[in-house]
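*Asks:*
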Amino acid sequence: MWQVGARELALAFFNIECAYRVPAQLSHSRVETYGRLCLTRTRDGGLTWSAPVELWRHTAVAEHVLYGRIDPEPGPADFADPRTFLACWSVPNSGDAKARAWVRISRDAGATWGPIRPLPPVVFPRIQGRPSYLRRPDGVLLLMLTVQGANDPHDRPAAYHSTDGGQTWTLLGLLPGNSSYRMICPSPVWLPAEGRLVAAVRCKPTATANWTEIYASDDGGRTWGCVSRVNDSGDTAHLLRLADGRLVCTYSYRTPPYGLRARVSEDGGAHWGDELVVREDGGSWDLGYPRTAETEPGTVLATYYFHDPARADGLGAERYIAASRFAV
């Protein structure tokens, strides 16, 4: 999700036809490999959304990344402009053992997009791309990804950076990994008063046993250390810095009652307040991946993947993109 103005945002998501009676069709790998990327917009802070527009089919992206010609970017992109978007994912899908990450840039708020560019694999046979990025005050772009080296037992977060407006990318630093479980889906923010980067990281022993940790870097993303643990149970998180300096960590909740929750920090992520229940009516643990934005002072808009309890007619529970607003 990209924020163009206070109440104007654009949201991209994967979509595919699904027969909910067929369990295999619920696979995330299926929608990532064969689905289409769509975009919708709101200009009223999330109250209403435009009809989704198809941007591209992911099979075409995979063919281009794996077998096509790699075209150069037409010069540096201005990421100080909120109408400059960066899309990032992996082919053939993020769960593949040899996943390759790609980036694509729009300079007109998602109306048109530049060339598809794969990230350099460096020493990692597997790179999971996500559009989790920021622009440092010095103009350097920081893109947070998940990687797995040939000798790593599990995935770990990594920071890539670009010094030329997104034309080229190189590895900047690695976050600590763990020998027993995956550490994935980093979500970064910049703390201007401290000159510090902080990132929320999903710690994932199993599909439903997850928690969120906060890591910080005081050297622009080269080295990182653990600052705090946000929750006892929480899946993929999104970290947001409010205009007043507070941090909001919003995460899916994959133990009953399933839903979406959040916590607020007033000291840069060192400590976290009581848990806020945004909603707790999910149909199962298969939900989440929130993205958040502050649409007015103290009001957070969260968008996420969701589904209701299964229908009585046995057709299953349709997955969809939902939005919630909550005050902090």
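Read left to right, the sequence shown gives residues 54 to 381 (this note's numbering). Every residue gets a Cβ at the ideal spot worked out from N, C-alpha and C, and that includes glycine.
Does the separation of the CB atoms of Asp217 and Arg249 fall below 7 Å?
*Replies:* Here Asp217 is not near Arg249, since their CB atoms are 7 Å or more apart.
*Asks:* Answer with buried or exposed for Leu354, where buried requires no fewer than 16 other C-beta atoms within 10 angstroms of its C-beta.
*Replies:* buried
*Asks:* Report the residue ranges of all beta strand (DSSP E) runs contained in full by the region 126 to 182; include only those spanning at least 3 residues, in chain order.
*Replies:* 138 to 144, 153 to 159
*Asks:* Rounded to the nearest angstrom, what separates Pro289 and Asn263 at their Cα positions?
*Replies:* Note that residue 289 is Thr in the sequence shown here, rather than Pro. Their backbone Cα atoms lie some 8 Å apart in a straight line.
*Asks:* Would you say Phe359 and Ala370 are within 7 Å of each other, going by their C-beta atoms?
*Replies:* no
*Asks:* Please report the straight-line C-alpha distance between Ser185 and Val254, rounded to a whole angstrom.
*Replies:* 12 Å
*Asks:* Thinking C-beta only, is Val283 closer than 7 Å to Trp325?
*Replies:* yes
*Asks:* From the DSSP output, which residues share a beta bridge with Arg95?
*Replies:* For the record, residue 95 in the displayed sequence is Thr; it is not Arg. Per DSSP, Leu62.
*Asks:* By Cβ distance below 8 Å, which residues in the same chain neighbour Phe67 in space, the five residues on each side in sequence not counted?
*Replies:* Val84, Glu85, Gly88, Arg89, Leu90, Cys91, His111
*Asks:* Go ahead and label Arg74 buried or exposed: buried means 16 or more other beta carbons lie within 10 angstroms of its beta carbon, across all protein chains shown.
*Replies:* exposed
*Asks:* Flag this pair as touching only if the region 204 to 215 and the region 141 to 152 have three or more C-beta atom pairs under 8 Å; answer yes or no.
*Replies:* With the cut-off at 8 Å, the region 204 to 215 and the region 141 to 152 do not touch.
*Asks:* Since Pro177 and Val156 are thought to touch, with beta carbons under 8 Å apart, how far apart are those beta carbons, to the nearest angstrom?
*Replies:* For the sequence presented, residue 177 should be read as Phe rather than Pro. Not really, about 16 Å apart at Cβ, beyond 8 Å.
*Asks:* Give the straight-line distance between the Cα atoms of Trp338 and Ser286, rounded to the nearest whole angstrom.
*Replies:* 12 Å
*Asks:* Are Ser240 and Leu292 touching if we call contact CB-CB under 7 Å?
*Replies:* yes
*Asks:* Excluding the 5 residues flanking Thr352 on each side, which residues of the same chain have their C-beta closer than 7 Å to its C-beta?
*Replies:* Arg378, Ala380
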